[in-house]
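Following: one structure in structure tokens, then a few remarks.
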Amino acid sequence: MVQRCEWAAGKDPLYIDYHDNEWGVPVYDDKLLFELLCLEGAQAGLSWWTILQKRENYQNAFDGFDAEKIIHFSEEKIQSLLEYKGIVRNKLKIQSVITNAKAFLQIQQRYGTFSSYIWAFVDGKHIINEWHTSKEVPVTTKISDAMSKQLKKDGFKFVGSTICYAYMEAVGMVNDHTIDCFCHPSHTGGGK
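Our numbering puts the sequence shown at residues 1072 to 1263.
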């Protein structure tokens, strides 16, 4: 039987697929980095499972997380999103996606890519941790604190340190698979 992190063991196939194929895998694509930042913000106060189940709805509702389209969302579009049961209907969270799209595009203009900006927080290096249990994994670090502070300064919303650390895990800046998990690099030859 395949050994997974405690939080994914015996879960729904969607959750297992996310654990096995996405979580902790480095992401450099700007659009996917933006999507995951928005989804982590949507998770605030909720479980990741709640958001993961609605991910496809979010992709449809927010035009595939195309920031150029999102910045032009009208009041009518925002109202329709507030009525759409497929996503978390929180006005502040919905508006934060629009705010974050503007900030994201400004970062792209300033740094060339959002990827180069966000990966600079870890000096472009994939951090591989050696946790024995999920209980050892922190919810914030000095890096997530610094990232949160800078993202807020650059105009982003719903980017507290806890959200930033979860984001770092989601986009593979940090690999927090426990050492007994088959996705830990010690089992994959350094692949994930």
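Beta carbons: idealized from backbone N, C-alpha and C, even for Gly.
query: Beta-carbon separation (whole angstroms), G1095 vs G1243, contact threshold 8 Å; result: 5 Å
query: Three-state secondary structure assigned by DSSP to I1178; result: helix
query: At least 3 beta-carbon pairs within less than 8 Å: the stretch 1224 to 1233 vs the stretch 1169 to 1184; result: yes
query: Proximity of Y1129 and L1110 at Cβ, strictly below 8 Å; result: yes
query: Identity of the residue in D1091, I1158 and V1193 nearest L1117 by Cα; result: I1158
query: Close Cβ partners of T1184 (< 6 Å) along its chain, the five nearest in sequence each way excluded; result: D1101
query: Own chain partners of N1131 with C-beta closer than 7 Å, once the 5 adjacent residues on each side are dropped; result: none
query: DSSP state of I1087 mapped onto helix, strand, coil; result: helix
query: Every unbroken beta strand (DSSP E) inside the stretch 1155 to 1237 [3 residues or more]; result: none
query: Other residues of its chain near A1079: CB distance less than 7 Å, five sequence neighbours each side excluded; result: Y1086, I1087 and H1090
query: CB-CB length for L1108 against Y1238, believed under 8 Å; result: 6 Å
query: Straight-line gap, E1139 to A1115 (C-alpha atoms, nearest Å); result: 24 Å
query: Given F1175 as reference, the closest of T1211, P1209 and K1223 once Cα atoms are compared; result: K1223
query: Contiguous beta strand (DSSP E) assignments of at least 3 residues, all confined to the stretch 1093 to 1149; result: none
query: Own chain residues within Cβ distance below 7 Å of V1210, not counting five before or after; result: T1233 and Y1236
query: Environment of G1262 [buried if 16+ CB atoms lie within 10 Å]; result: Only weak support exists for where G1262 lies, its pLDDT of 47 falling under 50; the value from the coordinates is given anyway. Exposed: under 16 other Cβ atoms inside 10 Å.
query: Touching by the beta-carbon criterion (3+ pairs, under 8 Å), the stretch 1246 to 1254 and the stretch 1200 to 1214; result: yes
query: Residues near W1120 in its chain [Cβ-Cβ closer than 7 Å; skip 5 each side]; result: Y1086
query: Residues that DSSP places opposite V1245 in a beta bridge; result: I1198
query: Rounded Cβ spacing between A1113 and K1164 (contact assumed at less than 8 Å); result: 5 Å
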